[in-house]
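Here's the structure, in structure tokens; my notes come after.
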Amino acid sequence: MKHSIANVKDAAAVAFVALLLFGPFLGLQLNDSNSGNLTLSTRPALLAIAVGLTFVARLLALFWQDQFGKQERSARFVNLAGKYGVFTAPLILASSKVPFLTPAAKFMAALMTSGRFIAPLLLICAVGMPLIPGIDNSYVDLGVLIMTYVMLGWGLNIVVGLAGLLDLGYVAFYAVGAYSFALLSTNYGLTFWECLPICGILAAAWGIFLGFPVLRLRGDYLAIVTLAFGEIIRLVITNWTSLTGGPNGLYDIPHPTLFGLSFSMMGGPGTFSNFFHIDPDPSQRTDYLYYIILFLALLTNWVTLRLRRQPLGRAWEALREDEIACRSLGINLRNTKLTAFAIGAMFGGFAGCFFATRESFISPDSFTFIESATVLAIVVLGGAGSQLGVCLAAIVMIGVPALLQELQIYRMLIFGIALVTIMVVRPRGFISTRKPSVSLGNAKIIGAEMVSEGRG
Amino acid sequence: MSDTLLTVSNLTMRFGGLTAVNAVGFTAKRGDITAVIGPNGAGKTTLFNCITGFYKPTEGSIEISHADGKKLMLDKLPGHSIARKGKVARTFQNIRLFGGMTVLENLMVAQHNELQAATGFGVLAILGIGRYRAAEKAGIERAKYWLAATNLMERADDPAGSLPYGAQRRLEIARAMCTGPVLLCLDEPAAGLNPRESAALNDLLLKIRADGCSLLLIEHDMGVVMKISDHIIVLDHGKKIADGTPEFIRNDATVISAYLGEGDDDDADAPIAATLEDAS
């Protein structure tokens, strides 16, 4: 009884905050009369509904917590699911292997075990997607967009997820890659495939260059400085008009070619359609772009997975866990951090190069902070350090808003609610468990509560 | 019989106006267990941090002579080279393990430099060519050796953070040993251990010495110190007040007064002095 009174009080307080927040947004409305005057009207009913809903939702949330206990929430969920046999098999599998995990972690371990099946399934879907007969070109295009963010997420995952260095300026390397390709191709006539490694190297060089000053910074300070670097790069691009075209950007950036065959709609000699004697179709180029980015993303994933099982990858993770202990073991912190920055930046550069060739037009507007924030959100939401998690998060973060286009303004509302829900239910991201890089017997999944998030 | 491994001379460490270590000099012999004892705040950990490169001493020098005759000034080396070139490994007073990584991974990270050298700048190992596979196998064997020595084989695939306290202490020692040191510095290895664990620790430390690694340890547990050390250095208020064999230290008047306090009302350290005598 005492509990429920406290709950009502709590819910009332939350409802009051909701009243303050929703008051101006929902309670007030500006009307544009025909005479051109603006009149202010109120919408008390709508406001009351919103506040009422908040009150009820909070009460329900508290009731749920009381009923099942805060810590055991996920466990209860698993048990409920288990009753219906949904998770039973992987759960038994997991519980037999991981005796020291909390029920919540066991659930994630079960998901990870199923990840062994999810990942190849996703891969098959990804490879086969453009081949589905009659698939709309716009879906393949969306696939290209999602895949770009998957790649950026995987690139940033090296820095944030493995090395534990919070980088808010990742878009800088994306921009370096894009502008490198745009300038090299328009000024020197180099092709996409020639430029790709150059873009990666240049971005990596910038990663090292920008990495040096932040070596000694940790946590919030590192985040702020990297954020500033991201902005500096964007401002330089905006203002160096003679080289980068300033705010007007660079255009007529060539599209990629397949062994010299272009994907021109004109269908003349030397084009893909002419060579294979088929009708030119815009979907051919989209499909080609799709497979390029799929290849690049898989390359990122493959390199990351290989590196994780190597001394370098282990040193990154050790760095995330404890920097001082790393130093006492003779690990060169400077080199280890710089390689993380450089390799992360290199993949950002690749992605940027691809972005430029896909869009054929780039301007500083494409490289604002919101891009960095989106990529970071993908990494954090997916579960820092988890490749599959990042992939799932990119699909949710990029794909869902695009597919909900018809819902217009409610799109962001649903999206926001979804993000908050995920962060409440899974504060460490979709997949927050860690798989050991080496084991004597069977590798056991490590629960999220053990794994450090990194402070530097 | 045994030659000098570590020579600390005139070592001074000041933090602003506070002199934590004041002109301390001593030598540690190869193959010896050298203990540094002293009341709380005597500057033992500061001394350790200077030797292991976490602090740059204000004055003085620290020299290590390797068996091949090579001499290195530890105070001049960058932090990470102390373990790599100086071959000095350490553990921490408050355990610093990689909690989210498994016990085995902890030991593999310790062999980073050796393994990294086999990866061909990472590129060859990514492509799966070169000698990395063999190097990793050797690394795992070495890790297994220390897992067996520290009785952690059963827990090899468990996250280090999930181990009980005593096992974490042993793992930290195993991890330090995996760097292949000639000198292992232990900062209060017996802190928080029960008598049985403490006795097992003694055996482990003696085994490490038998394997050819010298030890330098800070310890409050006089049972450990008096039983296994060959040489004891006593610090008080940043100064060295005594230096000698356990027998000598046990009977030294200055040491006893440092622990007991000189006629002060402060007898908080008395139990330590009691153990000091008990151990005799």
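These protein sequence lines are chains A and B, in that order.
Going by the working numbering, the first residue of the first sequence is number 2, and it counts up by one from there.
Going by the working numbering, the first residue of the second sequence is number 830, and it counts up by one from there.
Where a beta carbon is used, it is the ideal one built from N, C-alpha and C, also for glycine.
For Thr358(A), the enclosing alpha helix (DSSP H) stretches over residues 334 to 360.
Beyond the five residues adjoining it in sequence on each side, Ala954(B) comes within less than 7 Å, by CB distance, of Thr948, Tyr961 in the same chain, given in chain order. Interface with chain B (9 Å Cβ-Cβ cutoff): Pro437(A) is included. Residues of the stretch 929 to 941 of chain B with a Cβ closer than 7 Å to any Cβ of chain A, in chain order: Gly929, Met930, Thr931, Leu933, Glu934, Met937, Val938, Ala939, His941. Scanning the stretch 891 to 928 of chain B from its first residue to its last, the whole alpha helix (DSSP H) runs of 4-plus residues come out as 910 to 913. Less than 9 Å divides the Cβ of Thr245(A) from the Cβ of Ile238(A). Within the stretch 1050 to 1074 of chain B, not one residue has a Cβ closer than 9 Å to any Cβ of chain A. Note that the C-beta distance between Lys1069(B) and Phe855(B) is below 9 Å.
Residue-level contact by beta carbon holds for Lys445(A) and chain B, with a gap shorter than 9 Å.
Collapsing the DSSP output to three states places Pro1018(B) in coil. Asp987(B) belongs to the set of residues whose beta carbon lies under 9 Å from a beta carbon in chain A. From the beta-carbon of Leu901(B), no residue of chain A is found nearer than 9 Å; the closest lies around 13 Å away. The closest CA to that of Leu334(A), considering only Leu976(B), Pro1075(B), Val938(B), Leu956(B), is found on Val938(B). With a minimum length of 4 residues, the unbroken runs of alpha helix (DSSP H) contained wholly in the stretch 263 to 341 of chain A fall at 273 to 276, 283 to 309, 312 to 322, 324 to 329. For Leu339(A), no CB of chain B lies under 9 Å from its own CB, so it is not counted at the interface with that chain. In this structure, Val172(A) is the residue among Leu191(A), Ile225(A), Val172(A), Tyr222(A) with its C-alpha nearest to the C-alpha of Ala204(A).
For Cys392(A), not one C-beta of chain B is nearer than 9 Å to its own C-beta. For the stretch 288 to 315 of chain A, the set of positions with a beta-carbon nearer than 7 Å to some beta-carbon of chain B reads Val304, Arg307, Leu308, Gln311, Pro312, Leu313, Arg315 in chain order. Taking CB atoms only, Ala1003(B) has no neighbour in chain A less than 9 Å away. The Cβ-Cβ distance between Phe348(A) and Leu382(A) does not fall below 9 Å.
For Gly442(A), the chain B residues whose Cβ falls inside 9 Å of its Cβ are Ala985, Asp986, in order along the chain. Under the three-state reduction of DSSP, Ile209(A) is assigned to helix.
Comparing C-alpha distances from Gln68(A) to each of Leu27(A), Glu407(A), Asn8(A), Pro25(A) shows the shortest one belongs to Asn8(A). Beta-bridge pairing by DSSP links Thr856(B) to Thr836(B). Using a CB distance below 9 Å, no part of the stretch 156 to 174 of chain A faces chain B.
Pairing Gly156(A) with Ala352(A) gives a Cβ-Cβ distance under 9 Å. A distance below 9 Å separates the beta carbons of Ala385(A) and Gly165(A). Any Cβ of chain B closer than 9 Å to the Cβ of Asn333(A) would place that residue at the interface, and such an atom is present. By the CB criterion at 9 Å, Ala967(B) and Ala1003(B) fall outside the cutoff. At least 9 Å separates the beta-carbon of Leu1030(B) from that of Ala989(B). Ala49(A) and Ile371(A) have their alpha carbons spaced roughly 34 Å apart.
DSSP places Ile1002(B) inside the alpha helix (DSSP H), whose first and last residues are 994 to 1006.
Ala419(A) is a Cβ neighbour of Val401(A), given a cutoff of 9 Å. Between the stretch 434 to 448 of chain A and the stretch 929 to 938 of chain B, the count of Cβ pairs shorter than 8 Å is three or higher; the stretches touch. A Cβ of chain B is located within less than 9 Å of the beta carbon of Glu318(A). Taking the Cα of Ala918(B) as reference, the smallest distance to any Cα among Leu1045(B), Trp975(B), Arg1079(B) is reached at Leu1045(B).
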